[in-house]
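To keep things clear, I will list the structure first and then write my remarks on it.
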Amino acid sequence: MKKIILALLLLLLIFIFPQSIGAQDLDKLQIFYYIVDDDGEDILNYYHISIPAWLCTQNRALIVFTEIFDNFNPDKMIYVPPGVRILNIIFCEYTAHLTINLSTEILNYGGTHFEYRLVNKLLKNTVSIHGVSYLTILIDSQHQYFPEGMEIFNFQLLTFNSQ
């Protein structure tokens with residue numbers, strides 16, 4: 258009897274949701290990273306990840322930045338200090354503002370070149386998330402400057418995209 262009810266329920270679901278069960282519409286997002294070529298030059302590169310199309314912007318951002326900070330790959334982790342954790346991510350749909358709260362390990366580096374590449378990587382990856390217009394990076398829940406003086410606070414991504 259349970260098998261018959263389960264089969265009927267499955268048929269009902271197929272008629273209610275005519276698309277293939279298990280098949281999902283996927284979006285591809287680009288994840289940007291730097292590599293160093295044989296001449297010691299930095300090259301911005303990217304790879305694609307597939308995510309469900311129905312995910313909200315906040316979850317898309319969480320996936321992108323988890324890919325950057327948590328999925329350690331030495332070839333793709335250039336210009337990311339070790340041990341950085343995402344404390345939380347908040348997206349305000351009304352203002353299209355994404356706020357990423359990172360652990361203080363994000364400050365564990367030195368040098369203007371490193372900072373420029375890190376900030377560029379953060380901005381470039383945020384631009385790849387559809388629907389985000391502004392970005393703020395908080396460090397341990399506070400507005401702070403990066404060690405070499407840069408900040409990402411209410412940054413309008415349109416200005417970055419046009420550079």
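Taking this note's numbering, the leading residue of the sequence shown gets 258, the next gets one more, and so forth.
Glycine is no exception: its CB is placed at the ideal position from the N, C-alpha and C atoms.
Note that the coordinates shown come from a computational prediction; the quantities given were computed from them, not determined experimentally.
{"Asked": "Three-state secondary structure (DSSP) at F412?", "Found": "strand"}
{"Asked": "Give me the Cα-Cα distance between G388 and S307, rounded to the nearest whole angstrom.", "Found": "17 Å"}
{"Asked": "With DSSP run on the structure shown, which of helix, strand or coil describes Q399?", "Found": "strand"}
{"Asked": "Quick one: what's T451 bridged to in DSSP?", "Found": "Nothing can be reported for residue 451: it is not among the residues displayed for the chain, which extend from 258 to 420."}
{"Asked": "Excluding the 5 residues flanking L414 on each side, which residues of the same chain have their C-beta closer than 8 Å to its C-beta?", "Found": "L380, T383, V384, V389, S390, Y391 and L392"}
{"Asked": "Give, in chain order, every unbroken run of the alpha helix (DSSP H) that is at least 4 residues long and sits entirely within the segment 294-334.", "Found": "314-326"}
{"Asked": "Assuming I357 and I343 make a contact with CB atoms under 8 Å, what is their CB distance in whole Å?", "Found": "7 Å"}
{"Asked": "So I396 and I363 are in contact, right, with Cβ under 8 Å, and what is the actual spacing, rounded?", "Found": "6 Å"}
{"Asked": "Below 6 Å CB to CB, which residues in the same chain sit around I320 once its five sequence neighbours on both sides are set aside?", "Found": "I308"}
{"Asked": "Could you tell me the boundaries of the beta strand (DSSP E) in which L344 lies?", "Found": "I343 to C349"}
{"Asked": "Residues in the same chain with beta-carbon distance under 8 Å from G368, minus the five sequence neighbours each way, listed in chain order, please.", "Found": "E405"}
{"Asked": "Quick check on this structure: which residue in D296, R317, E408 and D294 has the alpha carbon closest to the alpha carbon of D284?", "Found": "R317"}
{"Asked": "Here's the rule I'm using: 16 or more other beta-carbon atoms within 10 Å means buried, otherwise exposed. How should E350 be labelled?", "Found": "exposed"}
{"Asked": "How close, in whole Å, do the beta carbons of K378 and Y290 come, if the pair is a contact with beta carbons under 8 Å?", "Found": "7 Å"}
{"Asked": "Does DSSP put F417 in a helix, in a strand, or in coil?", "Found": "helix"}
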